[in-house]
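Peer 1:
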Amino acid sequence: MLVMDDKYGTKPPKVVMDGEKIKKENLMKLLGVVFDPKLTFLPHLEYVQKTVRSLNRKLCAFAGIHWGFAGNKLKVVYKKAIERIIVYAAPVWYSNHPHKLRKLRAIQRPSLIKITQAYRTAPNNSLCVLAGSCQYTSP
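Residue numbers (my numbering): 796 to 934.
(1) Just verifying my parser: in three-state terms, what is the DSSP assignment at Lys818?
(2) Whole angstroms are fine: how far does the CA of Tyr914 sit from the CA of Val847?
(3) From this set, Gln903, Ser928, Pro918, Thr911, which residue's C-alpha is nearest Ser849's C-alpha?
(4) Which term fits Val843, buried or exposed, when burial requires 16 or more other beta carbons within 10 angstroms of its beta carbon?
(5) Taking a contact to mean a Cβ-Cβ separation below 7 Å, would you say Leu869 touches Ala856 in this structure?
(6) At the level of alpha carbons, what is the spacing between Ser933 and Lys853?
(7) Label Thr916 either buried or exposed according to how many other C-beta atoms from any shown protein chain fall within 10 Å of its C-beta, with 16 as the threshold for buried.
(8) Near Ala884, which residues of its chain fall below 6 Å by C-beta distance, leaving aside the five closest residues on each side in sequence?
(9) Just how far apart, CA to CA, sit Pro905 and Glu820?
(10) Is it the case that the Cβ atoms of Leu770 and Leu899 are separated by a distance below 7 Å?
(11) With DSSP as the reference, please indicate the residues paired to Phe830 in a beta bridge.
(12) When you measure from the CB of Ser849 to every non-hydrogen atom of the ligand COA, does any distance come out below 6 Å?
(13) Between Arg897, Lys816, Trp888, which has its C-alpha nearest Lys833's C-alpha?
(14) Whose C-beta lies closer than 7 Å to the C-beta of Ile877 among residues of the same chain, with five residues either side of it excluded?
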């Protein structure tokens with residue numbers, strides 16, 4: 796059971812079902828989106844970051860600097876797999892909050908560096924332009 800916190804800090808209700816008490820949870824995952832009590836969705840972004848990091852490691856096994864997949868093939872894999880994980884259910888959790896935008900850029904960055912074969916010090920905006928990928932910015 797996920798109880799939405801209010802600013803007054805009231806106690807959560809006690810729910811009993813078939814004589815057993817149902818405990819309060821801090822996070823709830825519903826259809827792949829992680830909800831937290833204050834609906835900040837930062838735990839969801841951390842979950843997405845962990846998933847994308849795992850996929851990036853597997854993808855890097857097939858692409859070195861001088862061997863393996865070229866950047867254009869990596870871009871196809873990025874568009875078809877990784878980017879879809881990042882933007883899944885975005886209308887529910889996305890907002891222009893600066894912390895979320897930083898987190899989204901951090902999630903996207905390792906894949907874009909691998910696609911463009913750029914240095915780690917390359918700016919995020921340049922990586923997005925070179926890779927032809929979407930940018931997550933405020934309007």
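All C-beta atoms in this analysis are idealised placements derived from N, C-alpha and C, irrespective of residue type, glycine included. Since the model is a prediction, treat every value here as computed from it, not as a measurement.
Peer 2: Judging by the given coordinates:
(1) Three-state result, Lys818: coil.
(2) Rounded to whole angstroms, Val847 to Tyr914 spans 20 Å at the Cα level.
(3) Nearest C-alpha to Ser849: Gln903.
(4) A residue is called buried once 16 or more other Cβ atoms fall within 10 Å of its Cβ, and Val843 is buried on that count.
(5) No, they are not a contact pair.
(6) Confidence is the limiting factor: at Ser933 the pLDDT is only 48, short of 50, which leaves the residue's position unreliable, though a coordinate-based value still follows. In a straight line, the C-alpha of Ser933 is about 31 Å away from that of Lys853.
(7) Exposed, by the Cβ-count rule.
(8) The residues are Val828.
(9) Rounded to the nearest angstrom, the two C-alpha atoms are 32 Å apart.
(10) Because the chain is modelled from 796 through 934, residue 770 falls outside the range shown and cannot be assessed.
(11) Within the DSSP bridge table, the entry for Phe830 names Met823 as partners.
(12) Absence of the ligand COA is noted for the structure shown, with no ligands found whatsoever.
(13) Cα-wise, what sits closest to Lys833 is Trp888.
(14) Hits under 7 Å: Val847, Leu850, Ser906.
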